[in-house]
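In what follows, a structure is listed as structure tokens, so that the remarks can point back to it.
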Amino acid sequence: MKSICVFCGSSLGFKPSYRQAAIELGHLFATRKTELIYGGANVGLMKVLADSVLENGGKVIGVMPHQMIHNEIAHNGIHKMHAVSTMAERKLMMVTLSDAFIALPGGYGTLDEMSEILTYNQLRISDKPIGLLNVDGYYDDLLRFFDHGVSEGFIRDEHRNNLIVSENSYQLLDQLAAYSPVSTGKWIEDIKHESSK
Ligand code: AMP
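Offset between the sequence shown (1-based) and our numbering: plus 11.
Have a look at this one:
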């Protein structure tokens with residue numbers, strides 16, 4: 012894959028395994044000649060990941076609102092920084108630039124970005140693969156919640172199954188490359204039909 016967008020924490024998290032996973036993923040990007048698209052920051056796992064890609068000879072592209080760049084959290088060592096006006100514009104540009112998405116451990120920002128991409132996938136605005144690197148089971152509770160959403164009738168099985176989950180970055184990259192979207196059939200017609208009862 013030419014370029015993959017990674018969403019991850021602007022914090023490091025407490026366990027060393029989170030940092031280690033970011034380092035390993037960065038190394039893999041560089042060796043597989045996959046460009047990193049990310050939020051452009053010089054903090055937390057975002058910095059660890061970007062530094063690892065750079066240290067291993069890979070290419071890194073950031074996308075950040077002007078205001079955040081002026082707050083001096085921008086990474087100055089990356090190949091290119093796209094400056095945008097708003098967070099919404101930033102997400103749209105990240106989607107346009109990337110062939111796939113990965114979420115590493117993170118907080119609200121990571122969750123927001125991943126949820127938006129999952130919603131794009133559901134609406135077929137984007138068919139690009141989405142992977143979750145479930146380092147040390149960090150996302151177990153969220154995945155349980157998604158399953159709960161399926162069993163309670165708010166998330167469709169096929170949409171749940173379009174999220175690729177792995178604890179291993181090598182496997183995850185291979186799965187993203189092999190992905191073809193699960194057919195979502197006529198779910199919008201089904202929703203309209205259910206709602207008219
Ligand atoms: P969080 O998971 O809340 O730490 O937020 C990280 C995600 O949101 C990243 O993928 C970024 O794209 C975005 N983000 C949040 N905070 C920052 C920040 N200080 N600098 C750059 N991007 C950020």
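Even for Gly, the Cβ is constructed at its ideal location relative to N, Cα and C.
For the ligand AMP, no non-hydrogen atom lies closer than 7 Å to the CB of Thr42.
Nearest neighbour of Met105 by Cα position, chosen from Ile84, Glu127, Ala85 and His86, turns out to be Glu127. Burial state of Gly88 is exposed, judged by a 10 Å Cβ sphere holding fewer than 16 other Cβ atoms. In this structure, the alpha-carbon of Ser28 lies about 18 Å from that of Asp152.
Its chain contains Phe18, Thr121, Met125 and Leu143 as the residues whose beta carbon lies nearer than 6 Å to that of Ala114, once the 5 sequence neighbours on both sides are disregarded; these appear in chain order. A contact between stretches requires three or more CB pairs, one per stretch, nearer than 8 Å, and the stretch 66-74 meets this requirement with the stretch 32-46. Residues Ile166, Arg171 and Leu174 of the same chain have their beta carbon placed closer than 8 Å to that of Phe157, with the five preceding and five following residues left out of the count.
Taking 7 Å as the cut-off, the C-beta of Ile84 counts as close to a heavy atom of the ligand AMP.
Shown here for Asp138: same chain residues with a beta carbon closer than 8 Å to its own, the five before and five after excluded, namely Asn132 and Pro192 in chain order.
Distances from the alpha-carbon of Gln182 to those of His77, Gly24, Ser96 and Asn145 put Asn145 closest. C-alpha of Ile84 to C-alpha of Ile199: approximately 42 Å in a straight line.
If you look at His86, you'll find it isn't in any alpha helix (DSSP H); DSSP assigns it neither H nor E.
By the beta-carbon neighbour count (other beta carbons within 10 angstroms, threshold 16), Ser109 is buried.
By the neighbour-count criterion, in which a residue is buried when 16 or more other Cβ atoms sit within 10 angstroms of its Cβ, Gly118 is exposed.
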